[in-house]
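Residue 4 is where the sequence shown starts when you use the numbering used here, and the numbers rise one by one after that. Okay, structure first, notes after.
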Amino acid sequence: MEIKDLAGLSEPVQKLIQTVADGIGAVAYPWIVRREAKAIAEAHEILSESGLAFTSATMKSLPAQIASRVAHQEAKRQRNLGQVVDAAQKALPENVSGDPVDSDWINRFFAVAQEVSNEQMQQLWGRMLAGEVARPGGFSLRTIDCLRNMSTAEARLFSELCEFTFETNWGMPFLLFSDPSLSGMPRFDSPPNELWLTDHIHKFMSLYVARGFTDQSFRLLNELGLIDAIMGDGIRLSGSGHPHFKHTMRLGDRLLTIEHPDPGLRIMLPVVRLSSVGRELFQLHIPGLTPEFDTLLNQALSTAGCTTRWQPIPTKTGTKQPIAKPEQEQKSQPS
């Protein structure tokens, strides 16, 4: 399909096609063949001038062998890119920005994506392309490099982590995480309306272990640059000016609303946060169901006198929508 033949296609698909055309180009394969054939010809000329020459049938057939090898490589790369672009088209939102995708980003993306042959990884790359077409600047070059260097097993581990990752209404993804040295310790300096959930976090940690997470798993995610493992990190949830405490945050494709009669209540959560690269890759995650996790969370909050309410977020597969008007982030460092 030529770019001029786009009548009748939706605007997101048109922009995707233009981006792909800018990234792949129509002359890449002939240029590669000519480049390598030229190198052989120049080598042949140098050897001839030195009194040597390509005399064997094998040496004489090198240009044809090069063309065959390049054709095989390019056919494989084309198949890989086809799968990535198909995944991108399925993940496109209904509306996209009119801003073009940065040319350096396009070049880096397609140079890497053409080498990805694993189907699961192709889905991730496709969703990244769709996200960048929809909102240019959403994925950095660092994130491309991070995903390029991740194995399928490492990507699967991060995806599993995302199943338990909340997103605050100011856009910060975090995981409930226990610092064993703090669990169960009284907060003598905390006001009476400050609720700490440290005494319940060990149950969540046990659930993580049951799902295959170990200390080594978290160290690996930290080494990959996907999480910021800061000892004693925490997030404070406040009621946001309601006549009673009411706070909403996101888990997967659902909203969790927490309520309590005390409007001045502050809930303190020990957490580990996603890094800037982790936050970008988090947007590629398609959530599943975590009933055991929901039950533990409901129990922990109800013990503290809170009520919880879950509601689905209607979204197009592979995309995410903001959950509320962003509020100023509040941090807590346990004493």
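Ideal placement from N, C-alpha and C gives every residue a C-beta, glycine not left out.
For A91 versus G141, is the C-beta spacing smaller than 8 Å?
no
Out of Q302, V136, D202, which one is the CA nearest neighbour of G101?
V136
In chain order, each beta strand (DSSP E) run of at least 3 residues that lies wholly inside the segment 231-267
237-240, 248-254, 257-263
Report the residue from H203, R276, H205, G244 whose alpha carbon sits nearest the alpha carbon of I233.
R276
Assess contact between the segment 162-181 and the segment 209-221, defined as three or more Cβ pairs (one per stretch) separated by less than 8 Å. Is contact present?
yes
Pick out whichever of H205, Q286, L160, L95 has its Cα sitting closest to the Cα of P15.
L95
With 16 as the cutoff for other CB atoms within 10 Å, does D236 come out buried or exposed?
buried
Buried or exposed: N1, going by 16 or more other Cβ atoms within 10 Å of its Cβ?
There is simply no residue 1 to check, as the chain begins at 4 and stops at 338 in what is shown.
Hey, would you say F113 sits closer than 8 Å to L284, going by beta carbons?
no
If you reduce the DSSP assignment to three classes, tell me which class L277 lands in.
strand
Looking only at C-alpha atoms, which of D105, M252, G281 sits nearest to L223?
G281
By alpha-carbon positions, which one of V73, D107, E163, D202 ends up nearest to P139?
D107
In chain order, what residues of the same chain have a beta carbon less than 6 Å from the beta carbon of N110, not counting five sequence neighbours either side?
none
Do the segment 196-209 and the segment 252-259 touch if we need at least three Cβ pairs shorter than 8 Å?
no
If we call anything under 8 Å between Cβ atoms a contact, is V87 one with Q125?
yes
Expressed to the nearest angstrom, what Euclidean distance is found between the alpha-carbon atoms of R312 and L178?
19 Å
Using 10 angstroms around the beta-carbon of Q314, count the other beta-carbons present and answer buried if the total reaches 16, otherwise exposed.
exposed
Going by alpha carbons, who is nearest to E118 out of T293, G134, K79, D89?
K79
Can you give the Cα-Cα distance for C149 and V115, rounded to whole angstroms?
11 Å
Rounded to whole angstroms, what's the CA-CA distance from I238 to K206? Just pull it up for me.
19 Å
Could you give the distance in angstroms between the alpha-carbon of D25 and the alpha-carbon of E157?
31 Å
Is it right to say P264 is buried, meaning 16 or more other beta carbons lie within 10 angstroms of its own, or is it exposed?
exposed
From this set, H250, G228, V99, H75, which residue's C-alpha is nearest R145's C-alpha?
G228
For H247 versus S241, is the C-beta spacing smaller than 8 Å?
no
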